[in-house]
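**Q**
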Amino acid sequence: MKRTFYTGILLLLLAACQKDDKATPDTMDSNRITYVIADNLFNFSSFNAAVERTGYGPKLAGAGPFTVLVPDNNAFMKAGYGTTNAVLQERLSVLNNIVGYHVLSGTWELNKLPFTFNQELTTATGAKMYATRWVKGKDTLLTINGTPVVSYNLPASNGLIQVLSEVLQPLVNKTLSDAIAADTALTFLNVALQQAGMKDMMSTGNVYTFMAPSNNAFRNEGFPNADSVGQTDPAVLRRLLYYSFFEGRRFVYDYILTTDASNKSQQAMYNGNNITISLLKSGVKYTGITLQGSGNTSPVKIVKSNVLAGNGVVHTIDQLLKENQ
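Residue numbers for the sequence shown follow the UniProt record's numbering, so the first one is 1 and each next one is one higher.
1. Drop a sphere of 10 angstroms on the beta-carbon of Glu-166, count the other beta-carbons inside from all chains shown, and report buried for 16 or more, exposed for fewer.
2. With 16 as the cutoff for other CB atoms within 10 Å, does Arg-32 come out buried or exposed?
3. Kindly identify the DSSP beta-bridge partner or partners of Asp-227.
4. Along the chain, where does the beta strand (DSSP E) containing Pro-71 start, and where does it finish?
5. Using only alpha-carbon positions, find the residue among Ala-131, Val-87, Leu-104 and Tyr-81 that is nearest to Phe-115.
6. Give me, in chain order, the residues of the same chain whose beta-carbon lies closer than 8 Å to that of Leu-92; leave out the 5 immediate sequence neighbours on both sides.
7. Considering just the uninterrupted stretch of the alpha helix (DSSP H) at Glu-52, what are its terminal residues?
8. Leu-240 to Thr-209, Cα distance in whole Å?
9. Determine, using beta-carbon pairs with one atom in the segment 225-235 and one in the segment 188-204, whether at least three such pairs fall under 8 Å.
10. How many angstroms separate the CA atom of Asn-271 from the CA atom of Asn-97?
11. Within the segment 61-113, note down every full alpha helix (DSSP H) run reaching 4 residues or more, in order along the chain.
12. For Ser-203 versus Ser-244, is the C-beta distance shorter than 8 Å?
13. Ile-144 to Glu-109, Cα distance in whole Å?
14. Per DSSP, Gly-146 is paired with what?
15. Tell me, to the nearest whole angstrom, how far the beta carbon of Gln-267 is from that of Phe-251; I am working on the premise that it is less than 8 Å.
16. Below 8 Å on the Cβ atoms is my contact criterion, and I expect Leu-95 with Ala-50 to pass it. Report the Cβ-Cβ distance as a whole number of Å.
17. Looking at the strands, I want to know which residues DSSP matches up with Glu-247.
18. Can you have a look at residue 359 and say buried or exposed, based on whether 16 or more other CB atoms are within 10 angstroms of its CB?
19. Assuming contact is defined by CB atoms lying nearer than 8 Å, are Leu-291 and Ile-317 in contact in what I supplied?
20. Taking 8 Å as the threshold (C-beta atoms), are Arg-249 and Gly-288 in contact?
21. Quick check on this structure: which residue in Asn-43, Leu-121, Ile-256 and Pro-299 has the alpha carbon closest to the alpha carbon of residue 326?
22. I'd like to check one pair, Lys-264 with residue 352: are the Cβ atoms closer than 8 Å?
23. Would you identify the three-state DSSP class for Arg-32, choosing helix, strand or coil?
24. Comparing C-alpha positions only, which one of Ile-256, Asn-324 and Pro-299 sits nearest to Lys-136?
25. Could you tell me the alpha carbon to alpha carbon distance between Leu-88 and Met-129, rounded to whole angstroms?
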């Protein structure tokens, strides 16, 4: 329904600009991406504020073509920006990263992408992102970095607008090792990787998805501080960590797309043993997943998801994944 609403609004805007076959260049310019976003403030006021604050307006009013991934206002609210004032008060460097990561050079018609997972796209700033087109039940779904696209291929005279349900997290870390080291909630894990001799492994060109136990997850398993992790036998830590990641790039929504009607699936970890993935639902809408190792007595929750690094993805979890002994 939301897709229909967005499409209707933007098509009306386009029609208004094209009624006169003898329109002047200035009139045609009023349908550039910048102005279409500004004319739809009910849905896009937060992104518009970010564009204005960063000075991206002239670029997006240029010849292009561009494809702009616009998080709607609800997406900004989920990201912690409740009002346009909150956006305007954000650090300029942060906003530049956000807006720059949502702009692609060229015209990308997402509904024409192949049916496959995590196809690499490059933003106008050179950063990587990953698009998935897949069928779930009777619906064809599109995601960017695991974030659903709620309306796609909305026209402007210098490109297209795609509407997102979440603000994408810009790719700022080249490696998983860097991403883990930069997160203060993963200090214990960073020490564990060092002690286990695995930091270089997380810095290579190999792609991994890491279910990263938080500091509290380590504390709950008897590690009172980071020093206690650093004093643990490296072989013990490797056994634990090998059950926490696997090869390949998987976003949370990838599991929603691939899991069957049972709402449960298995994921093989690096050591070859499985964890169980369970889908979460609210009414008819899928909202996320939980994990469970063979030795966990309760579901493991993801507390921070889809943190993209150059060689993989990090999902922070609230318990250590454990195996039956």
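Glycine is no exception: its CB is placed at the ideal position from the N, C-alpha and C atoms. It should be emphasised that the depicted structure is a prediction, and the values quoted were computed from it without experimental measurement.
**A** Short version:
1. So Glu-166 counts as buried.
2. Answer is buried; the Cβ neighbour count reaches 16.
3. Answer is none; Asp-227 lacks a bridge partner.
4. Residue range 66-71 is occupied by the beta strand (DSSP E) that includes Pro-71.
5. The shortest Cα separation from Phe-115 among Ala-131, Val-87, Leu-104 and Tyr-81 belongs to Ala-131.
6. Excluding sequence neighbours, Leu-92 sits near Arg-53 and Thr-54.
7. Start and end: 41-54.
8. Counting only the Cα atoms, Thr-209 lies some 15 Å from Leu-240.
9. Counting Cβ pairs under 8 Å, three or more are found: they touch.
10. Going from the Cα of Asn-271 to the Cα of Asn-97 covers about 36 Å.
11. Annotation note: the segment 61-113 contains the following uninterrupted alpha helix (DSSP H) runs of length 4 or greater, listed N- to C-terminal: 73-78, 84-88 and 92-101.
12. No, Cβ-Cβ distance for Ser-203 and Ser-244 is not below 8 Å.
13. About 13 Å.
14. For Gly-146, DSSP records no beta bridge to any residue.
15. With 8 Å as the limit, Gln-267 and Phe-251 do not qualify as a contact, their Cβ atoms being about 13 Å apart.
16. About 5 Å; that satisfies the 8 Å criterion.
17. DSSP output for Glu-247 lists Tyr-208 as bridge partner(s).
18. For residue 359 there is no data in the structure shown, the boundaries of the chain being 1 and 325.
19. It is a contact, given that the beta carbons lie within the stated cut-off.
20. No, the pair does not count as a contact, with Cβ atoms beyond the cut-off.
21. It is not possible to answer for residue 326, since the shown part of the chain is limited to 1 through 325.
22. No answer is possible for residue 352: the residues shown for the chain start at 1 and end at 325.
23. In the three-state reduction of the DSSP assignment, Arg-32 falls in the coil class, being assigned neither a helical nor a strand state.
24. Of Ile-256, Asn-324 and Pro-299, the smallest CA-CA separation from Lys-136 is found for Ile-256.
25. If you take the alpha carbons of Leu-88 and Met-129, they lie about 25 Å apart.
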